[in-house]
Every structure is written in C-alpha cells, then in structure tokens.
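Asks: If you scroll down you'll find the structure; I have some questions about it.
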Amino acid sequence: MKPAVLSSVVDCDLCIGCGVCASICPDQILEIQFNKFGEYTPVSKGDCTKECGLCLKVCPFADGNPDEDDIGKELFFNIAHIQHRSETGYFLATYAGYSNIGENREHGSSGGMATWLLETLLKDGIVDAVACVTHNPDTEKLFKFSIFSSVEEIRSASGSAYYPVELSNVIRFILDNPGKYAIIGLPCFVKSIRLAQQRNKKLRERIVVILGLTCGQLKNKYFTSYIGALSGLNAAPTRVFFRGKDYKQTANNYYFSFKDNSGKEFRIHRNDGISEAWGNRWFTQNACNYCDDIFAECADVSFMDAWLPEYASDPLGTNLIIVRSQRALEIFQGAIMNHAINVDEISIGDVVQSQEGVIAVKRDHLSYHLYLLNKNGITPLKKRVDMGKKMNPFILKIIRLKEKMRITTRCYPAAVNGNEVFNSEMLRKSMNHYINQIHLLQKFSSGVTFPIRIIYRFKEYLNE
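Here our numbering is used: the first residue of the sequence shown is 459, the next is one more, and so on.
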C-alpha cells in the first residue's frame, strides 16, 4: 500500500520536503529525493505494510494535525510571565542586537546571534551536538543538514542557505545515537520536529533545544542556479555563499557569491535581481502558499533580520530575537551581563513591524489562496485564517499575477530538461509582462482615487 503522506500531501503538491516522515517511518520505506522542480519530496521504496500513518502525523502540511497554536500552548503556556500575540505566538522577551564573540557577526547573515547561541549551548554543556545547515561538496546538493559537536564546525556553517535541505539523515542519527541535541530550522521544519516529538520518546528526550528562523518562503534549487546565471556564472555553481556583507551598502543590499570549477567568483547584489525574484515568488514551493507561521512559533528561540529603519543602515547586520523558553531567557540574561552579546529590549510590536510584508503574505494572501482553492472545487486546508477575498481588488490581482510567475518559474527548469545553466535573461524577460502589470497595480492600490468610469473599465481585468 502507498504511504499515507504520499497520497495525502505529496500528490496534492503540499510537501515542503522537510524529510521527517522518512526518518520516522518504522518500515523505512521512504527516501527523500529531488523532484523535477528541484524540490525535496519523499518517494516510496516499497509497500507500506504497517499502515500506521506516522508519516502523515508528523507532516507540517497534513490536515488534522495540531497547529502552531496547539503546539505552542503545550510547550509554553504554563511558563511564568509568558505572553502571546497572534502574529508571533508565545514570547517571554524580544531583543534586537548582535554577538560580540569572535567573528560571529561578520560571518553571520545578520548579527550572528544564532551562531552565538548554538556555540553557547555546546560550550555550556546544555547539548552535546547541534544540527544545522552547512555547505555540501556534492554540487547537485549544495547544502545539507549536518551534526556538529565543536564550536569550529558551527562557525564554519554560519550564514543563510536559500536552498532546499532535509532532515531525514540527522533525525535518524539522533534516534540511533543517545545524547542531547539542538536543531535550528525553518518554521515548517520546527513544527514537523515538534510533531515527531509528540510521537517519539527518544526525540522528546534527545532534542532539548529547537531554534527557529523567520521565513517568508522556501525556494527550490533552481533559484540558486538562476541567480548564479544572472551574476554571470556560465556553469553550475560548485560553491555558493548567501548573504555576503558589503560594508559600502545598507544591510539589506547584501550579495550572493558563486564559484565555478576554477574557483572564479561571481557576485550579485540583492538590488540587482535577487529582490525581484524573491519578492515575486519565483521558484517558490507551492506549500509556502499555505503556511501561516512567520516566526517559527514552535521554537524555543526565533531569529530574524532587523528590518527596521534604526538598524537597516548598519551593514554589519542586526538580529531581532523572540525568546520563548525560560532556559533560553536565562542564557540571554547571562550573556547580557557578561557582554557576550550587545542587545536592546524591544517591543513585540517592533518585531511584528519588521516582518509586516511577510505577515501580509502568510495571513492575508493565504486567506485568498484558500478562497481560490475552494472556488476551484478543492477542499481548502484548515489554517488559522479563514478563506476570503476581502481585500483591495488590486492586491488580489497582484496575488494572482505572482502565482502565475511562481508556477512559470517553477516549471521552467523542467521545460528545459533540468539544465541548471539556463538563460536567466530569457526567463527574466518572460516575466516582464507580469512585472509591469504589478508595478501599475501597486500604484493604483496605494490609495490613488480614480473616476468611477475608470474603475468599471478595470473591473473585468481585475477579475481575470
């Protein structure tokens, strides 16, 4: 029989590729592989004999599983002085700042705070090892999750990875090797780990700290190929460094660095094409359309960029942090006292403001995506927002245009036989029609008033 997660999630194009299902399957018949879109999905190596449904019960996008509110309440509700906000989940403290330790800040994507905390957990004996994303020598899989047990290894893995990774191997390692572990991951990955902990005693006991990263979307592997080609790289990249810091630029105009077989480096800044692809959801996985977790609500601590005016001008970068567990709060308080970190307490409102664009996508736009599912005769997923279309009609049209671009760019590599060295300019030009429409619609949606006759002329176009 076919494993439940394949028929209920993968076949519905809702898999995010976290890999937890494969690691926890008692029959060990699931294997995580790249599909034709450059996304990780499980495939079956044989028949499901136990029919336990465990693969489905740990899936972050399976209907009927506990949501982030349920999981968060179980984890954090009884902590003294805990607070809750619908956008962020539970929180004990919120900070803005950076690490003072070594070169954490220089080598990190923002303020180096995630690297600092992983190091601290290891040095203080709270964990024996950490699972985080690092470079992979396999050029077909440029990044992977690895288990590290030294500060040097953790530091070598600092920085962002806008690339598909999966957890199956590290979860299997944790199940096979007693010890105390920390894991850092995206919101959907964190949720899947928490669901697995509910079902598996070893994971409950051994994964003692989970850190989360604020996320707007997960890209497939061809996003990296596209940006590499845009930078001038004429071959598949052998090594990629995301989020390099240019001290002549503001914090948000970082660069991506690509190397070819000869070691030659190619760079491209965010404002030269990265933000265009990112903001318009090119190469984004479909499951991301149905995610309502911005701040990794199930994590003990969540990290994000400080996209606030008072921090954006500092090219060294600054983190915003949400602390949810008492143990994590005590670590931060101790680090403040001994000057290991330089942080300011900020309001939860500032944290929300820093991610208002992502919140709009994962709450308001999600509501419309659910409405569209229902309109097309598909039962919408149960999410923490209701389906609807009570938004500016110009915004609704923009959402549909971005979805067309997402689908087109996602399918493009498969249409050219998966060749990772494709014509980036040709793809970019094919998007111009949509981009121009979006720019015009954004002007209209900003509150400009038009005569009623012009509005009526737009009505048919907006409903397309």
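A virtual CB, placed ideally from N, CA and C, is assigned to each residue, including glycine.
Which residue from Ile685, Asn796 and Trp765 puts its Cα closest to that of Glu883?
Replies: Ile685
Asks: Just how far apart, CA to CA, sit Ile836 and Ala615?
Replies: Going by the C-alpha atoms only, they are around 41 Å apart.
Asks: Use the C-beta contact count for Asp528: other C-beta atoms within 10 angstroms, 16 or more gives buried, fewer gives exposed.
Replies: exposed
Asks: Considering Cα atoms alone, identify which of Asp704, Asn711, Gln675 and Ser733 is closest to Asp750.
Replies: Gln675
Asks: So is Cys479 buried or exposed if we call it buried at 16+ other beta carbons inside 10 Å?
Replies: buried
Asks: Identify whether Ala745 lies in helix, strand or coil by the three-state DSSP scheme.
Replies: helix
Asks: Compare the C-alpha of Phe495 against each of Leu885, Leu854, Asn594 and Pro871 and name the closest.
Replies: Pro871
Asks: Which runs of the alpha helix (DSSP H) fall wholly inside the region 515–603 and span at least 4 residues, in chain order?
Replies: 526–534, 562–565 and 571–581
Asks: Taking all protein chains shown into account, do 16 or more other C-beta atoms lie within 10 angstroms of the C-beta of Leu869, making it buried, or fewer, making it exposed?
Replies: What sits at residue 869 in the sequence shown is Cys, not Leu. Exposed, because fewer than 16 other Cβ atoms sit within 10 Å of the Cβ of Cys869.
Asks: Based on Cα-Cα distance, which residue from Asn692, Ala687 and Lys847 lies nearest to Ile732?
Replies: Ala687
Asks: Going by DSSP, name the residue or residues bridged to Glu803.
Replies: Tyr553
Asks: Judging by CA-CA distance, which residue of Lys638, Glu861 and Val698 is the nearest neighbour of Ala735?
Replies: Measuring from the Cα of Ala735, the nearest candidate turns out to be Glu861.
Asks: By alpha-carbon positions, which one of Lys833, Tyr829 and Cys473 ends up nearest to Cys646?
Replies: Cys473
Asks: How many Å lie between Ser903 and Val819 at the Cα?
Replies: 16 Å
Asks: In its own chain, which residues sit with a C-beta less than 8 Å from the C-beta of Trp765, not counting the 5 before and 5 after it?
Replies: Asn710, Ser812 and Gln813
Asks: What number of angstroms, rounded off, separates the C-alpha of Val516 from the C-alpha of Ser608?
Replies: If you draw a straight line from the Cα of Val516 to the Cα of Ser608, it comes to about 30 Å.
Asks: Whose C-beta lies closer than 6 Å to the C-beta of Phe534 among residues of the same chain, with five residues either side of it excluded?
Replies: Ile540, Tyr548 and Arg782
Asks: Would you mind reading off the limits of the alpha helix (DSSP H) that contains Leu688?
Replies: Lys679 to Leu688
Asks: Within its chain, find whatever has a CB closer than 6 Å to the CB of Pro484; leave out the 5 residues flanking it on each side and keep chain order.
Replies: Sequence-distant partners of Pro484 (beyond 5 residues in either direction) whose C-beta falls short of 6 Å from its own C-beta, in its chain, are Lys508.
Asks: I'd like to know whether the C-beta atoms of Ala757 and Val648 end up nearer to each other than 7 Å.
Replies: A contact, by the Cβ cut-off of 7 Å.
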